[in-house]
Amino acid sequence: MPGPIASPSSAAIGHPVAASSYKSAMALLASLFFIWGFITVINNTLLPHLRSVFELSYTQTTLIESVWFIAYFVASIPSARLIERVGYKKSMVIGLILMAIGALGMIPAARLPSYGVTLCALFVIACGITLLQVAANPYVAVVGPADTASSRLNLVQAFNSLGATLAPLFGGYLILGRSTGGTAGAEQVLTQAERLADAQAVQLPYLIVAVVLVLLAIAIARYPLPAMGGKRVEKADRGNHSLWRHRNLVFGIPAIFIYLIAEIGVANLFINFVSQPHIGNVTHEQASHYLFLLWGGMMVGRFAGSMLMRSMSAESVLAGAAIGATIVMLVATFTTGPTAMWALIAVGLFHSVMFPTIFTLGIRGLGPLTEEGAGLLIMAIAGGALVVVQGWLADTYGLQNSFLLTAACELYVLFYALWGAKPTNAFPETRH
1 MPGPIASPSS
11 AAIGHPVAAS
21 SYKSAMALLA
31 SLFFIWGFIT
41 VINNTLLPHL
51 RSVFELSYTQ
61 TTLIESVWFI
71 AYFVASIPSA
81 RLIERVGYKK
91 SMVIGLILMA
101 IGALGMIPAA
111 RLPSYGVTLC
121 ALFVIACGIT
131 LLQVAANPYV
141 AVVGPADTAS
151 SRLNLVQAFN
161 SLGATLAPLF
171 GGYLILGRST
181 GGTAGAEQVL
191 TQAERLADAQ
201 AVQLPYLIVA
211 VVLVLLAIAI
221 ARYPLPAMGG
231 KRVEKADRGN
241 HSLWRHRNLV
251 FGIPAIFIYL
261 IAEIGVANLF
271 INFVSQPHIG
281 NVTHEQASHY
291 LFLLWGGMMV
301 GRFAGSMLMR
311 SMSAESVLAG
321 AAIGATIVML
331 VATFTTGPTA
341 MWALIAVGLF
351 HSVMFPTIFT
361 LGIRGLGPLT
371 EEGAGLLIMA
381 IAGGALVVVQ
391 GWLADTYGLQ
401 NSFLLTAACE
411 LYVLFYALWG
421 AKPTNAFPET
431 RH
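Written out as structure tokens, the structure is:
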């Protein structure tokens, strides 16, 4: 089994932070969720741009995003070790600086231009985001009362979606709007000179991103973030307890993994899908404005989900979202024109609650095993790397038919909500 990932320790869970302290910490964490949501979704406008610049197939295009999510698998354990060694605040600062270095790496990648250097720069950015994710998600989940963990994480994740909502406008204007490939028709073939000129379009937006990241790192370094406990619980203190006796975790790990395939597949192929003549018949730049609505739906859904979970069980909300997502994905697959386009946009509303809800249900009742469980769920974000499978399906069977894979992923989330999320061998939960 992979080594445990650092999270607020189980020992710390029993010693709540003062309400005023953790509420101010939540405000700070909201800015982190915002910035990594923003940077992650810039990829959705970057990918069709790079597809034009480097003349990539759908498989090669989605491989770029696969490299991004492989970073979650590669960097999770080193991130855990770093958090244990230097603490949460310093780790967050390091993560932001690492992201800034990767953003600056996009400048030489554009000047060359180089597909390989682009992959390396994006991998570095993703490693920085992984470090932030490993620290922030478990922190939010345990910093308050256990029975509102799903509501709390959905609320903070809504700020992640706010960043994701604004990113397509930023990328559409500064990347697609300033390039020939972004403003041309979907079928237009670019000349070599046009591709070289288009490659330069990513320099300014990533320079802006790098400056913002450095400024945020400085702000966090000066902020008195409350401590959430010290060392993790050692194996000797856990007795004979086993992670694999907890059904909600065992089925939650693949639920996160599979859900990420669905979310990233839709987001990455959205612009290419909407641009097709029989769907939206628009340019890539115009399609990025509709992508704004997809991520806006996720933001609205997370705010709404946070409120719903105060009166309904998290499992019920998750099941309803999975059913809705399955229906709209089938509509997107088997219809054309505005109906298919708006169905794909609508899936953002249903996807909104899935990651934070699965995460909190997955660690529910783990007690002293919370650290390892949370770490495995974070590592499962690497499932986004398998978006390359959907790229292959799009090349082989058609872009629209590839969304049947997304529909299948939604059905597993439904299974998890109805049965897999029910805890077994749960430890008593401590109230805060």
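Residue 1 is where the sequence shown starts when you use UniProt numbering, and the numbers rise one by one after that.
Using N, Cα and C, we set each Cβ at its ideal position, and we do this for glycine too.
Query                                                                                                                                                                                        : Result
Would you check if the distance between the CB atom of residue 343 and the CB atom of residue 279 is smaller than 7 Å?                                                                       : no
Excluding the five sequence neighbours on either side, which residues of its own chain have a C-beta within less than 7 Å of the C-beta of residue 366, listed in chain order?               : 246, 249, 373 and 427
Should residue 68 be labelled buried (16 or more other beta-carbon atoms within 10 Å of its own) or exposed?                                                                                 : buried
If you follow the alpha helix (DSSP H) that residue 395 is part of, which residue opens it and which one closes it?                                                                          : 387 to 397
Could you check the C-alpha separation between residue 273 and residue 288 for me, to the nearest Å?                                                                                         : 11 Å
Do residue 221 and residue 37 count as a contact pair if the criterion is CB distance below 7 Å?                                                                                             : no
With 16 as the cutoff for other CB atoms within 10 Å, does residue 105 come out buried or exposed?                                                                                           : buried
Report yes if the C-beta distance between residue 400 and residue 333 is below 7 Å; otherwise report no.                                                                                     : yes
For the alpha helix (DSSP H) containing residue 150, name the first residue and the last one.                                                                                                : 149 to 171
With H, G and I counted as helix, E and B as strand and the rest as coil, what does DSSP make of residue 313?                                                                                : coil
Excluding five sequence neighbours on each side, which residues of the same chain lie with their C-beta closer than 6 Å to the C-beta of residue 59?                                         : 391, 392 and 395
Is there a Cβ from chain D that is less than 7 Å from the Cβ of residue 332?                                                                                                                 : Absent from the structure: chain D. Only one protein chain is present.
Terminal residues of the continuous alpha helix (DSSP H) containing residue 289?                                                                                                             : 284 to 308
Among 140, 40, 322 and 136, which residue has its Cα nearest to the Cα of residue 71?                                                                                                        : 40
What residue from 107, 122 and 136 has the CA that sits closest to residue 377's CA?                                                                                                         : 136
Near residue 118, what residues of its chain come up, given a Cβ to Cβ distance below 6 Å and the 5 sequence neighbours on each side ignored?                                                : 109
Going by DSSP in three states, residue 69 sits in which element: helix, strand or coil?                                                                                                      : helix
Mind reading off the beta-carbon distance from residue 170 to residue 42? Whole number of angstroms is fine, and I expect it under 8 Å.                                                      : 7 Å
Nearest-angstrom Cα distance between residue 159 and residue 301?                                                                                                                            : 11 Å
Give every residue of the same chain whose Cβ lies closer than 6 Å to the Cβ of residue 200, excluding the five residues on either side of it in the sequence, and list them in chain order. : 110
Candidates 360, 147 and 290: which alpha carbon is nearest residue 256's?                                                                                                                    : 360
Give the straight-line distance between the Cα atoms of residue 4 and residue 28, rounded to the nearest whole angstrom.                                                                     : Residue confidence is low: residue 4 scores 35 on pLDDT, short of 50, so the model does not pin down where it sits. No coordinate-derived value is stated.
Can you check which of these residues, 276, 94, 408 and 348, is closest to residue 337 by C-alpha distance?                                                                                  : 276
State the CB to CB distance for the pair residue 154 and residue 305, rounded to an integer number of angstroms; the pair is presumed to be in contact (CB under 8 Å).                       : 5 Å
In angstroms with no decimal places, state the Cα-to-Cα distance between residue 265 and residue 328.                                                                                        : 15 Å
Can you grab the Cα-Cα spacing for the pair residue 382 / residue 166, in whole Å?                                                                                                           : 24 Å
Is it a yes or a no for the segment 408 to 422 touching the segment 306 to 325, going by three-plus beta-carbon pairs under 8 Å?                                                             : yes
Would you say residue 261 and residue 409 are within 7 Å of each other, going by their C-beta atoms?                                                                                         : yes
Can you tell me which of 324, 375, 268 and 172 puts its alpha carbon nearest to the alpha carbon of residue 387?                                                                             : 268
Where does residue 51 sit, in a helix, a strand or coil, going by DSSP?                                                                                                                      : helix
Counting along the chain, where does the alpha helix (DSSP H) carrying residue 351 start and finish?                                                                                         : 337 to 351
Which value, in whole angstroms, describes the spacing of the CA atoms of residue 131 and residue 81?                                                                                        : 10 Å
What's the C-alpha gap between residue 204 and residue 175?                                                                                                                                  : 9 Å
Is residue 311 buried or exposed, if buried means 16 or more other CB atoms sit within 10 Å of its CB?                                                                                       : exposed
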